[in-house]
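Colleague: Just passing along the structure, written as structure tokens.
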Amino acid sequence: MPVHRRDFLKAGAASLVMASAAADTSNWEWRSYAGDNASSRYAPLNQITPSNVRDLEIAWELETLPSGVRPVGMMECTPIVIDGIMYLAGFGLDTYAVDPATGKVLWSNPGLAATARTRAAGVSRGLVHWKDGKDERIFAPVRQHILALDPKSGKLIDSFGSGGGINLRENLDRELAPEMSLYSTTPGVVYQDLLIVTTRPGEGPRSEAPGHIRAYDCRTGKRRWIFHTIPHPGEFGYETWSPNSWKENGGANCWGGMSLDAERGLVYIATGSPTFDFWGGNRKGTNLFGNCVLCLKAETGERVWHFQTVHHDLWDWDLPCAPNLVTVLHNGKPRDAVAQVGKTGWVYLLDRETGEPLYPIEERPVPKSTVPGEESWPTQPFPTNPPPFSRQNFRPEDIAKLSKESHEYLVNTRLKDVVLAPMFTPPMKDKEVVCFPGYHGGGLWGGASWVADKGVLFVNHNELPWSLKLIDAPEGASYPYQHTGYLRPETADGYPAIRPPWGLIAAVDLNNCKILWQTPLGEYKDLTKRGIKPTGTYNRGGNIATSSGLLFSSGTLDGVLRAFDQKDGKLLWEYALGGGGFATPATYMAGGRQFVIMASSPHPAATGKGPKAGFTAFALPK
């Protein structure tokens, strides 16, 4: 269908406005967790280019592992830069204000009491900034709390909540038992004077906390609205659960952040699976609003639309990341849409105002559960466009052949009694079943970057099989079944059981619904020495894009930050960090220079010399 002249004029006018606004980027800043409210992970910066990126050098480093905090877990923070100051969360959940040009610490605020520092601190993926006139604050997630800090001093703002913070275990419209975990790990979004947040509950075979979405007054910390992702009696979606699910089941939370269309006053939320992840006999139904792209009115929390990507999830196939707000060419016309990356390996492309799929998403029959008491849903959604960016089935012919010996081990020993079944095959009792894509994707929480003028979404993803087996739970347990652990079928020397590649970046053209290219992300040096080309590794972080045509990404087991060419995925530069790079980078301008910054975490596979639990900023030589 041809593009009408008025559409070209409209698009051209918009391009002129964008070009004018982006002409002066000398002070451009990474002002939110994903770069902007649309979760674009894109910067209109071109000082660092494909031709000079090889000249990048360390500009500054910052170690953020406080004394007494065990180096356990991963640091996943993407810093923000606001009005010439960088704000970030360190390994112990301390909040830092830093000079973005030099790394000099301006102030720090201990996120945890000294008595808690003997434990693993937890995770903070980022911070949120809010300003209204002279009133300004930084919101920092610290385990089950959100703290309001003065951006100039780092001191708690006592007028917010109770002594400067709110406890997310409170005002949830449900009493939580002490053993139920509930943390804040991913920053929310700000709309006018509202801070919209979500939480991370537990996922075990027991009663867990629900993942309701809440909005708080930025000044007072008072709860202004709540949306029950597990509906209460009388609410839309209540009938898609068992009658008592609203007070017994948990999950259906937002793991990876939210996106905001401030002009429309709409917030877009990607939700995860209900708990228990792998058995749903006590939550019969499709389980709205688990595994949904959810559109709410930001001012009131009222539901506008939803789209469920997995019915009655039994595979831990959360929607792992915030939706990208995009404008694509559809039937020859520009159309505002939501592009949602899934662990399933699909991009779900939905109309931004109505939630209608831009291309057919078919309900197809899937295998039925054989576990007593389970009622798996008979059909699941299968998008027809864009094509999947990840492999979605693990077949016998896909078993890795890294060597004759390793292949024989997989066929005759490790996978001998494992069920290699089609996608959406439910877990089985007393049989180990492969889940592919695995519990960590497909796509993961790092999400995708969006380059609007190219119409291309760049997605980090995994192609690793996972597996589990359900067994009878001990007598007296709250659930009839438990599982034998999150298993990854591997060779005897620890490599994935499926033929490579295992970790990749994909370029997905959303205008033409094509996969433009895929390139391995990460490397096992031992395999390279054996003459095996780079396979990619398991990866957890995301990538960012710049207007100069670069992608920056880490997230890999080898702890390397890399730069790729957007045109073809060619590797242009790499640097071994001091630890594992399990976050998403950021880029910004300061003092006339473009910087790229990356967090690193203690990890035995990383070989770099930088901070083991800190941040490294790179720039071109002065």
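Mapping to my numbering: the sequence shown position 66 is 68, numbers consecutive.
We treat Cβ as the ideally placed atom computed from N, Cα and C, and that holds for glycine.
1) Hey, Gly425 and Asn29 are a contact pair by Cβ (cut 8 Å); roughly how many whole angstroms apart?
2) From Met76 to Thr242, what distance separates their C-alpha atoms?
3) Between Trp307 and the rest of its own chain, which residues show a CB-CB distance below 7 Å, the 5 nearest in sequence each way excluded?
4) Which one of Trp468, Gly445, Gly505 and Lys418 has the shortest CA to CA distance from Pro429?
5) Quick check: the Cα distance between Leu622 and Arg595, rounded to an integer number of angstroms?
6) In whole angstroms, what separates the C-alpha of Thr288 from that of Pro362?
7) Would you call Asp263 buried or exposed, if buried means 16 or more other Cβ atoms sit within 10 Å of its Cβ?
8) Could you check how far apart the C-beta atoms of Lys535 and Gly443 are, in whole angstroms? I think they sit under 8 Å.
9) Which residues in the same chain have their Cβ closer than 6 Å to the Cβ of Met3, if we skip the five residues on either side of it in sequence?
10) Quick one: is Ala40 buried, meaning 16 or more other Cβ sit within 10 Å of its Cβ, or exposed?
11) Going by DSSP, name the residue or residues bridged to Gly167.
12) Per DSSP, which one or two residues make a beta bridge with Asn462?
13) Counting Cβ pairs closer than 8 Å, one from the segment 447-455 and one from the segment 401-410, do we hit at least three?
14) At what residues does the alpha helix (DSSP H) containing Asp528 begin and finish?
15) Using the beta-carbon count (16 or more within 10 Å), is Gln194 buried or exposed?
16) To the nearest angstrom, how far is the alpha carbon of Pro367 from that of Phe396?
17) Report yes if the C-beta distance between Glu210 and Gly252 is below 7 Å; otherwise report no.
18) Out of Asp85, Ala61 and Thr66, which has the shortest C-alpha to C-alpha gap to Arg33?
19) Determine the direct distance from the alpha carbon of Leu417 to that of Ala228, and round the result to whole angstroms.
20) Which residue from Phe93, Ser110, Ile198 and Arg305 puts its Cα closest to that of Ser261?
21) Give the DSSP-derived three-state secondary structure of Arg216 in the structure shown.
22) Nearest-angstrom Cα distance between Leu553 and Phe566?
23) What are the boundary residues of the alpha helix (DSSP H) that His409 is part of?
24) Please report the distance separating the alpha-carbon of Lys136 from that of Gly190.
25) Under 7 Å between the Cβ atoms of Leu178 and Gly167?
26) Three or more C-beta pairs under 8 Å: does that hold for the segment 323-333 against the segment 209-226?
27) Between the alpha carbons of Val627 and Ser155, how many angstroms are there, rounded?
28) How big is the Cα-Cα spacing for Ile140 and Thr558?
29) Pull up the CB-CB distance for Gly128 and Ala103, whole angstroms please, since I reckon it's below 8 Å.
Modeller: Let's see:
1) Within the sequence shown, numbered from 1, the residue matching residue 425 stands at position 423. Within the sequence shown, numbered from 1, the residue matching residue 29 stands at position 27. Note on residue identity: the sequence assigns Met, not Gly, to residue 425. No, Met425 and Asn29 are not in contact; Cβ-Cβ is about 47 Å, not under 8 Å.
2) Indexing the sequence shown from 1 puts residue 76 at position 74. Indexing the sequence shown from 1 puts residue 242 at position 240. Each residue's Cα considered, the two are about 36 Å apart.
3) By 1-based counting over the sequence shown, the position of residue 307 is 305. The answer, listed in chain order, is Cys297, Thr356 and Gly357.
4) Looking up residue 429 in the sequence shown gives position 427. The shortest C-alpha separation from Pro429 is found at Trp468.
5) What you label residue 622 is simply residue 620 of the sequence shown in a count that begins at 1. What you label residue 595 is simply residue 593 of the sequence shown in a count that begins at 1. Cα-Cα distance, rounded: 8 Å.
6) Here the question's residue 288 lines up with position 286 in the sequence shown. Here the question's residue 362 lines up with position 360 in the sequence shown. Going by the C-alpha atoms only, they are around 20 Å apart.
7) If you number the sequence shown from 1, residue 263 lands on position 261. So Asp263 counts as buried.
8) Position 533 of the sequence shown holds residue 535. Position 441 of the sequence shown holds residue 443. Not confirmed; about 22 Å, so no contact.
9) For the purposes of this step, residue 3 is taken as the residue at position 1 of the sequence shown. The predicted model places Met3 with a pLDDT of 36, which falls under 50 and marks its position as unreliable; any figure quoted below should be read in that light. Cβ neighbours of Met3 beyond the five flanking positions: Asn333 and Gly334.
10) As a first step, residue 40 must be located in the sequence shown, where it is residue number 38. Flag for Ala40 reads buried.
11) The count along the sequence shown starts at 1 and reaches residue 167 at position 165. In DSSP, Gly167 forms a bridge with Leu149.
12) To locate residue 462, count along the sequence shown from 1; it is residue 460. According to DSSP, which records beta bridges pairwise, Asn462 is partnered with Ile507.
13) no
14) Translated into the one-based positions of the sequence shown, residue 528 becomes position 526. Lys527 to Lys531 is the span of the alpha helix (DSSP H), which, as asked, contains Asp528.
15) Looking up residue 194 in the sequence shown gives position 192. Its Cβ having fewer than 16 others within 10 Å, Gln194 is exposed.
16) One-based indexing of the sequence shown puts residue 367 at position 365. One-based indexing of the sequence shown puts residue 396 at position 394. If I take the Cα positions, the gap works out to 19 Å.
17) As a working mapping, residue 210 is identified with position 208 in the sequence shown. As a working mapping, residue 252 is identified with position 250 in the sequence shown. Yes, these two residues count as a Cβ contact at 7 Å.
18) Counting from one through the sequence shown, the residue named residue 33 turns up at place 31. Out of Asp85, Ala61 and Thr66, Asp85 has the C-alpha closest to the C-alpha of Arg33.
19) In the sequence shown, residue 228 corresponds to position 226, counting from 1. In the sequence shown, residue 417 corresponds to position 415, counting from 1. It should be pointed out that residue 228 corresponds to Ile in this sequence rather than to Ala. Each residue's alpha carbon lies about 46 Å from the other.
20) The sequence position of residue 261 within the sequence shown is 259, counting from 1. Among Phe93, Ser110, Ile198 and Arg305, the Cα nearest to that of Ser261 belongs to Ile198.
21) For the purposes of this step, residue 216 is identified with residue 214 of the sequence shown, where counting begins at 1. DSSP places Arg216 in strand when its eight states are reduced to three.
22) Along the sequence shown, one-based indexing puts residue 553 at 551. Along the sequence shown, one-based indexing puts residue 566 at 564. Going by the C-alpha atoms only, they are around 5 Å apart.
23) Taking the first residue of the sequence shown as 1, we reach residue 409 at position 407. Start and end: Lys406 to Tyr411.
24) Here residue 136 refers to the residue found at position 134 when the sequence shown is read from its first residue. Here residue 190 refers to the residue found at position 188 when the sequence shown is read from its first residue. Distance between the alpha carbons of Lys136 and Gly190 is about 22 Å.
25) Taking the sequence shown and counting its residues from 1, one reaches residue 178 at position 176. Taking the sequence shown and counting its residues from 1, one reaches residue 167 at position 165. Taking 7 Å as the Cβ cut-off, Leu178 and Gly167 do not qualify as a contacting pair.
26) no
27) The chain is shown from 3 up to 624; residue 627 falls before or after that span and cannot be answered.
28) Counting from 1 along the sequence shown, the entry for residue 140 is found at position 138. Counting from 1 along the sequence shown, the entry for residue 558 is found at position 556. Going by the C-alpha atoms only, they are around 30 Å apart.
29) What you label residue 128 is simply residue 126 of the sequence shown in a count that begins at 1. What you label residue 103 is simply residue 101 of the sequence shown in a count that begins at 1. Not a contact, Cβ separation roughly 20 Å.
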